[in-house]
Amino acid sequence: MNRSQTETDEVLKRSWPRASNEDAEAACERVLNRLKSDVQNELPESRVDFTALPRPAWKRVAAVAAVAAVLIGAVWIGRALETPRVYAVLETTDSAVYRTVDGKDVPVHARERIEAQQVVHSIGANDSIFALGDGSRVEMRSKSELLLERAPDGIRIRLNRGDVIVSAAKQGRRHLYVQTKDMTVSVVGTVFLVSAGGRGSRVAVIEGVVQAQVENAGSPKKLSPGEQVTTNPTMPTLPVVEEIAWSRHAPEHLALLEQALAKVPQQTPARLEFSAASIRAIPPDVLYPNKTLGIVCRGVDGQDRLTTGVFVDADPLIVAPQGRCIGHGVPLQVLVAFAYGTLPRYISGGPDWVQARSTLISTPDGIYFKGVSKVFHIEAAAHDPATVTKDQLRQMFQTMLASRFKLAFHHESQQSPGYALVVAKSGSKLKEVFDKEETPIPVFGSDKVQLILKGRSRLDKLVNALNIGLPIINKTDLTGIYEYEIPIPRRIATGERGGLSPPSDRASEMSNVLEDRLGLRLQSEKSVPVDMIVIDRGEEPSPN
Amino acid sequence: MSTLTVFNVANASVTHEFEKVFREHSSFVYHTAHSVTGRPEDAEDVVQTIFLRLLRRGFPPGFAANPKAYLYRAAINVSLDAVRLRRRDRQIAQQQLTTAPDAARAANSLEFESDERRRLLDALAQLNPRMVEVLVLHYEHDRSDAEITKLLGKSRGAIAVTLYRARARLRKLLRTGPGENR
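Protein chains in written order, with our numbering: chain G, 0 to 543; chain R, -2 to 179.
What follows is the structure, given as structure tokens:
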């Protein structure tokens, strides 16, 4: 974005008129009362055509001219572009490839032709190689699935799952596309890898330049050899060399990559770091006072927050000044979850003290939290607090964990029984709001007993806050921002004597509350994808 | 007549169904109108205008298919109409007050919080309504391109192009002085 564009954007952000939800509700209530009352008959009515204001005559002429130009252009382009031949031929003889015909898997033999719109998948240990009609070659990793189809200006490979390495032939005016569920890659002649998994997609370039468009991420990104982009920031960033290790042509690809890198001047991206970070370990068995537990970072574009515990009378919000991160009584498990945008229950491994274990102690003075594991107080500040964003603060947090806690981890994809959030038969009762999102947090109700989950967010954030002991995915197709307050059943909030009730009971209770309050319910799912972060190493930081 | 019976058109009274639709969408209409007009009283008028017409005439074809999209478009059009009317009135008032410049300045400062906001609203009023639709969804309602695509029923490419052109046009309008942008 150039300077003048940025200035316009700033004017828009600064001076765009915004109304509060309270004002809107009050105004709408007044209008409804007027419509309900006898005054309604005297209210004036606008003569404006609601759905289409009349266009000036010159605009109608311009529209006709534009349509004519498009038609002429389309004919010209149609002639100019040679229609690509959309098919693939299996070249390898030692791979197990199947195509799906009428719901059945039919084996594909070497040198057999696969037409457009046929879904093919591979099993077994070996990867498979296909030659496309335009001269491109596609290496498909075992357990991958793809489909070939015609694009308006070339060929599109839809990668449903798994990995492919594409050696794209020179495309002339055409393009070769590789599309996953959340990313589209377009090329005119190059070698690159695309990986589609449950957590997101990745593209890594071996030779040439590719253009990657991540869904909902603004303009496309150009990638050069050795560079990669993922659709999910929590996906691990592995060197391209490791990404292509499965290929039978890995040495050739590696040589290509080295050759390409030799031509490109190397730039190591600067690692984002806090200017100062104070970490204090609170030893086990120390009673922690009556405060909210969790962590928050505040950037210029909002806050990231992870709350792990809240007490009666405590302010439910931990407050962080602009450009700072503040953590109260959090174990390493929570710090890692926060830094990588996941939940503590999806963090495993590491030494004993890493895991969050705590207990509540009731004394005549009040309720206290006692950390059985080591918990930390954290305060960290960015170099330039006035301009830092919450994403940059998150990256600084990751750097801090690597340098101070010597954190090392890897990801593991797992399937787990879980639940899906769906709209109940009675229909959604959610109220859409037009305001910034606020992460849902548990707060005590006015009776100081009932715990309430309060938030204003998209439903993806709500499902993360519903702690029933099993993963939940959002299948509602509702995309707005909603305001909600949900009483958390006591057995879910604090457990009963002898520990928390089984997940199925907690899900059932939560589902009843959700249906009653929001018109949503939890539906049991046999298998839900879960991305686990497994801690390989973590050390207690030295005090400062 | 559509199969969706939401309004009791015969006696134009607020039915339970009408109230349900009102409660579901009126806040969205209000926020949209406020972002275009910049004034709470205008936004309230827009809400009233739109729902009054629906109450009296029943819902038109196209409403049942996507009530939110219909109401959104209506909110933009009625709001732009209100802003344009106000601009015209202000121009007339300013012409009448040329002999008393202090009074004209006072009238302007009372009407708007800031000169920058006034210029922004003036510039918005000069844009094509389709551009305003996309800008309001993007800046006021914080919607992604995909969500705007879904609501307006246009392709992502069309939305991206409209947003780009709207920003460029706004930039041009904001650069010119208050008297030059007409």
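Don't be surprised by glycine CBs; every beta carbon is placed ideally from N, CA and C. Keep in mind that this is a model prediction, so the values were computed, not measured.
- The beta carbon of residue 158 of chain R does not come within 7 Å of any beta carbon belonging to chain G, so the residue lies off that interface.
- Taken through DSSP and simplified to helix, strand or coil, residue 140 of chain R comes out as coil.
- Closer than 9 Å at the C-beta level to chain R, one finds these residues of the segment 423 to 436 of chain G: 430, 431, 432, 433, 434, 435, 436.
- In the three-state reduction of the DSSP assignment, residue 382 of chain G falls in the coil class, being assigned neither a helical nor a strand state.
- Using beta-carbon distances, residue 117 of chain R counts as an interface residue toward chain G, with a partner under 7 Å.
- Under the three-state reduction of DSSP, residue 111 of chain G is assigned to coil, being neither helix nor strand.
- Separation of residue 467 of chain G and residue 28 of chain R (C-alpha to C-alpha, rounded to the nearest whole angstrom) is 36 Å.
- Around the beta carbon of residue 243 of chain G, 16 or more other beta carbons sit within 10 angstroms, so the residue counts as buried.
- DSSP, reduced to helix, strand and coil, places residue 130 of chain R within a helical segment of the structure shown.
- Contact check for residue 336 of chain G against residue 346 of chain G passes: the beta carbons are separated by less than 7 Å.
- Residues of the segment 9 to 20 of chain G that bring their beta carbon within less than 9 Å of a beta carbon in chain R comprise 10, 11, 12, 13, 14, 15, 16, 17, 18, 20, in sequence order.
- Residue contact check for residue 123 of chain R against chain G: no CB pair falls below 7 Å.
- Contact annotation: residue 535 of chain G and residue 375 of chain G have beta-carbon atoms that are not nearer than 7 Å.
- Within chain G, the residues placing a beta-carbon under 7 Å from that of residue 144 of chain R are 478, ordered along the chain.
- Fewer than three Cβ pairs drawn from the segment 139 to 155 of chain G and the segment 100 to 108 of chain G lie within less than 8 Å of each other, which leaves the two stretches out of contact.
- Within the model, the alpha-carbon separation for residue 59 of chain R versus residue 150 of chain R is close to 12 Å.
- With distances taken between CA atoms, residue 394 of chain G lies nearest to G:303 out of G:220, G:417, G:330, G:303.
- Burial of residue 135 of chain G is indicated by the presence of at least 16 other C-beta atoms within 10 angstroms of its C-beta.
- A buried status is given to residue 317 of chain G, since no fewer than 16 other beta-carbon atoms sit within 10 Å of its beta-carbon.
- When rounded, the separation of the alpha-carbon atoms in residue 156 of chain G and residue 241 of chain G is 23 Å.
- Under the Cβ criterion (8 Å, minimum of three pairs), the segment 67 to 83 of chain R does not count as touching the segment 166 to 173 of chain R.
- Taking 7 Å as the threshold, the shortest C-beta distance from residue 26 of chain G to chain R falls below it.
- Inside the segment 420 to 469 of chain G, DSSP marks whole beta strand (DSSP E) runs of 3 or more residues at positions 437 to 443, 450 to 456, from first to last along the chain.
- Distance check between residue 459 of chain G and each of G:451, G:436, G:449 places G:436 closest, using alpha-carbon atoms only.
- Judged by beta-carbon spacing, residue 300 of chain G lies beyond the 7 Å limit of residue 220 of chain G, meaning their Cβ atoms are not closer than that value.
- Contiguous alpha helix (DSSP H) elements confined to the segment 311 to 344 of chain G occur at 331 to 338, taking only those with 4 or more residues.
- Under the three-state reduction of DSSP, residue 473 of chain G is assigned to strand.
- Contact note: residue 25 of chain R reaches chain G through 431, 433, using a C-beta cutoff of 8 Å and chain order.
- If you draw a straight line from the Cα of residue 423 of chain G to the Cα of residue 278 of chain G, it is about 46 Å long.
- A Cβ-Cβ distance of about 19 Å is found for the pair residue 184 of chain G and residue 130 of chain G, leaving them out of contact under the 8 Å criterion.
- With a threshold of 16 other beta carbon atoms within 10 Å, residue 476 of chain G falls short and is exposed.
- In the DSSP assignment, residue 61 of chain R falls outside any beta strand (DSSP E), carrying neither H nor E.
- Taking 7 Å as the CB threshold, residue 150 of chain R stays off the interface with chain G.
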